[in-house]
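Student:
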Amino acid sequence: MRTTNGCALVTGGSRGIGAATCARLAADGWPVGVVYRSDAAAAARVVEGIAASGGVAIAVCADVRDPLAPDRAFAAAEDAFGPVLVLVNNAGITADGLSPQLEDDAWDRVLETNLTGAFRFTRRALGPMLRARHGRIVNVASIVGLVANAGQANYAAAKAGLSGMTKTVAVEVARRGITVNAVAPGFIATDLTSDLPADVTSRIPARRVGTPDDVAGCIAFLASQDAAYVTGQTLVVDGGLIA
Amino acid sequence: MSQTITPETVEQAVYAALKTFGVEPHQMTREATFESLEVDSLDLVELAQIVQEEFGVKLDAAHMAGLNTVGDAIDMVVGRA
Numbered sequence: 053m054r055t056t057n058g059c060a061l062v063t064g065g066s067r068g069i070g071a072a073t074c075a076r077l078a079a080d081g082w083p084v085g086v087v088y089r090s091d092a093a094a095a096a097r098v099v100e101g102i103a104a105s106g107g108v109a110i111a112v113c114a115d116v117r118d119p120l121a122p123d124r125a126f127a128a129a130e131d132a133f134g135p136v137l138v139l140v141n142n143a144g145i146t147a148d149g150l151s152p153q154l155e156d157d158a159w160d161r162v163l164e165t166n167l168t169g170a171f172r173f174t175r176r177a178l179g180p181m182l183r184a185r186h187g188r189i190v191n192v193a194s195i196v197g198l199v200a201n202a203g204q205a206n207y208a209a210a211k212a213g214l215s216g217m218t219k220t221v222a223v224e225v226a227r228r229g230i231t232v233n234a235v236a237p238g239f240i241a242t243d244l245t246s247d248l249p250a251d252v253t254s255r256i257p258a259r260r261v262g263t264p265d266d267v268a269g270c271i272a273f274l275a276s277q278d279a280a281y282v283t284g285q286t287l288v289v290d291g292g293l294i295a
Numbered sequence: 003m004s005q006t007i008t009p010e011t012v013e014q015a016v017y018a019a020l021k022t023f024g025v026e027p028h029q030m031t032r033e034a035t036f037e038s039l040e041v042d043s044l045d046l047v048e049l050a051q052i053v054q055e056e057f058g059v060k061l062d063a064a065h066m067a068g069l070n071t072v073g074d075a076i077d078m079v080v081g082r083a
């Protein structure tokens, strides 16, 4: 639950894990900035859903690849709700291909969106969090950053990078009451995983694909006061797949 | 709105920042080193933020790395007015 004034900002908030996280954080009492790149209608639905449940949220259009996006997104959230005390770096894309054929553009787009964008949003978040002596940053990594997945060298590099960044930023700012953690989802039913193989559930010990809410609940925990002494960690949310 | 930069206004802002880092008023002198005050690198990052907000002077990591004493910090900000 929210225990302080301020708000949460979720990148990639219009769909999938991001949308579920926005709804969950709003249910926990946080005003939420729903950051989206292109699907204004989906972001509006997330905002409307939160409002219908008694929460407050605004949609913020920003492409995390744009170096100016963090200032714009934070300014919008700060103007509406006060300081951003929870940041969820969720925006992510895939551009798969086996390494011999992976083009520079596919490499760059995935790294810029999934890793560089998350770093820039984190950097922008830390100033006010340092002054507030409180903050929660949760990065949405992936089990693909922890174990191999052929065809995703770019995505794996970005997600492993997120886990590494999480650890280092966490120790830099821990003494200011700021925690930095990551979740590493396994197979979650979202647009990004719409082409999962049919037999995937038989490989998952839990015998089911995860839901966005499964991940959102873990993010909400890491954003909560209950997780005040947890930092620098990557929490795997995969139904036991890589246990 | 940025404050006018004078040695007095900068000293006042730096001392106010040091107080939030846990430095006792009687320890605050221009000659005191940040090390002796147990002001660490994260505190200096925060001090740079405060200076930027209050005086509009941007101090990057290279500027901060050369600072040894409280007076060094005050002089650097005043010198960049």
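Chains as they are written, first to last, in the numbering used here: chain A, 53 to 295; chain B, 3 to 83.
Ideal Cβ positions, reconstructed from N, Cα and C, are used throughout, including at glycine.
In this text the structure is predicted, and so the values were computed from the model without any measurement.
1. Taking the DSSP output, what are the residues bridged to N233/A?
2. Apart from the five residues just before and just after K26/A, which ones in its own chain have a Cβ nearer than 7 Å to its Cβ?
3. Between N57/A and the rest of its own chain, which residues show a CB-CB distance below 6 Å, the 5 nearest in sequence each way excluded?
4. How should T63/A be labelled, buried or exposed, when 16 other C-beta atoms within 10 angstroms of its C-beta is the threshold for buried?
5. For the stretch 165-179 of chain A, enumerate the residues whose C-beta is nearer than 9 Å to any C-beta of chain B, in chain order.
6. Going along chain B in order, which residues have a C-beta closer than 8 Å to the C-beta of V225/A?
7. Using a cut-off of 8 Å between C-beta atoms, extract the partners of L182/A located in chain B.
8. Please specify which runs of the beta strand (DSSP E), each continuous and at least 3 residues long, are wholly inside the stretch 98-168 of chain A, giving them in chain order.
9. Considering just the uninterrupted stretch of the beta strand (DSSP E) at Y88/A, what are its terminal residues?
10. Give the residues from the stretch 199-229 of chain A that approach chain B closer than 8 Å (Cβ to any Cβ), ordered along the chain.
11. Would you identify the three-state DSSP class for A34/B, choosing helix, strand or coil?
12. Find out if the Cβ-Cβ distance for the pair V79/B, V12/B is shorter than 8 Å.
13. Closest by CA to A184/A, which one among R228/A, Q204/A, A147/A?
14. Would you kindly check if the distance between the Cβ of I69/A and the Cβ of T242/A is under 8 Å?
Tutor: In brief:
1. V190/A
2. Lying before the first or after the last residue shown, residue 26/A is absent from chain A, which here runs from 53 to 295.
3. G134
4. It is buried - the Cβ of T63/A has at least 16 other Cβ atoms within 10 Å.
5. L178, G179
6. L44
7. Listed along the chain, the chain B residues whose CB falls inside 8 Å of the CB of L182/A are L44, V47, E48, Q51.
8. Correct list: 109-113, 136-141.
9. For Y88/A, the enclosing beta strand (DSSP E) begins and ends at 84-88.
10. E224, V225, R227, R228
11. coil
12. Contact flag set, yes.
13. R228/A
14. Inclusion of T242/A and I69/A in the CB contact set at 8 Å is warranted, their separation being smaller than that value.
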